[in-house]
Amino acid sequence: MSKAERGYTHAASSFNKLEITKCGQLVSYLPMLPSINELQLKKCDGVVSRSGVHLASLTSLDVNLNELPPALHKLTSLKHLEIKKCPRLSSVSEVELSMLEFLTVQQCDSLESLPEGLMANNTHLRDLSIWDCGSLRSFPRSISSLESLFILGCRKVELPLPQDMTHNYYPSFTRLSISGIDCESLTSFPIGFFTKLRYLSIMSCTNLKSLSIPEELHHVDLTSLKHISICHCPNLVSFPQGGLLTPNLKSLSILNCEKLKSLPPQMRTLLTSLEDLSIVICPEVDSFLEEGLPTSLSQLQISSCCKLVQGR
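Numbering (numbering that gives the first Met the number 0), first residue to last: 0 to 311.
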């Protein structure tokens with residue numbers, strides 16, 4: 000060990016945050032780090048063969064590697080895990096990170112699946128973000144603790160959406176944002192199952208045709224839902240037949256849905272808290288229906304909706 004490395008080892012014993020970038024050889028000399036709670040490893044490929052690093056206190060890990068460290072399963076205190084730009088990573092081994100609360104997976108082009116066990120056995124995971132993983136196909140079921148899900152640019156992923164009350168895989172969702180998904184499972188989004196949802200954003204989902212509320216849930220009020228945004232869904236045709244049972248909805252934005260023919264029915268009686276309504280590039284929408292708009296509305300934007308403007 001060189002003099003510089005010995006000096007680093009001595010200083011590192013008091014670190015609580017450490018970032019190492021493009022130092023493939025240095026990682027082989029990582030010492031015991033009793034105080035560390037945040038570690039970032041970027042382009043340090045040598046770390047994949049080192050398993051003797053003591054990181055018992057680590058709560059946050061940000062990796063940009065070709066493979067994940069084999070010692071990942073030993074990080075029992077880990078709360079934040081970010082896996083970014085790992086182009087050769089095709090799968091994540093089954094690990095149990097029971098304290099994990101936030102997981103981000105970004106730009107892992109070869110990744111095909113996420114570990115089912117990591118999700119199903121975790122009662123603390125609250126936030127999951129997946130960005131630009133073009134090969135990702137399967138998605139874990141039964142993430143009972145998950146509150147926020149963000150999926151962007153994962154065109155092949157199949158979301159296991161609930162089909163009935165006995166298979167409600169995500170009962171704790173409060174925030175859901177999905178963008179750029181072409182999967183066959185997302186032709187109808189069963190909004191009625193997500194009773195705790197506050198924010199819903201669906202963007203660039205070319206196969207989406209409808210938002211639906213199953214017949215057995217027609218009398219369930221989605222009282223938590225406050226914001227809905229649906230953009231660039233060219234095949235969206237309809238909203239739930241009985242309307243949106245969202246009495247506390249504050250904003251509704253519909254952008255560039257070329258085949259949509261009508262707005263949600265009974266808006267005046269069901270959307271009693273609606274304040275902001277935007278309808279942009281929906282050329283087939285032709286009216287506000289007979290009952291008209293909610294009296295609570297304070298902002299209305301209509302643009303590039305030829306039939307709707309003519310119908311007024």
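Beta carbons: idealized from backbone N, C-alpha and C, even for Gly.
Residue pairing by DSSP places Ile180 opposite no residue, since no beta bridge is assigned to it. Check the Cα spacing between Ile280 and each of Pro139, Phe138, Cys132 and Ile229: the tightest is with Ile229.
Lys78 and Val94 have their alpha carbons spaced roughly 14 Å apart. Within the same chain, Pro246 and Asn247 come within 7 Å of Thr222 by CB-CB distance, once the 5 residues on both sides are set aside. The alpha-carbon separation between Arg87 and Leu175 amounts to approximately 28 Å.
Rounded to the nearest whole angstrom, the CA to CA distance from Arg154 to Ser272 is 35 Å. Straight through space, the alpha carbons of Asp126 and Asn234 are spaced by roughly 29 Å. Judged by DSSP in its simplified three-state form, Leu307 adopts helix. Listed in chain order, the non-local C-beta contacts of Ser211 below 8 Å within the same chain comprise Ser187, Phe188, Pro189, Ile190, Gly191 and Pro239, local neighbours out to five positions each way being set aside. DSSP places Lys16 within a strand segment (E or B) once states are collapsed to three. For Thr103, the enclosing beta strand (DSSP E) covers residues Phe101 to Gln105. In this structure, the CA atom of Leu38 is about 15 Å from the CA atom of Thr103. In this structure, the alpha-carbon of Ser303 lies about 7 Å from that of Pro282.
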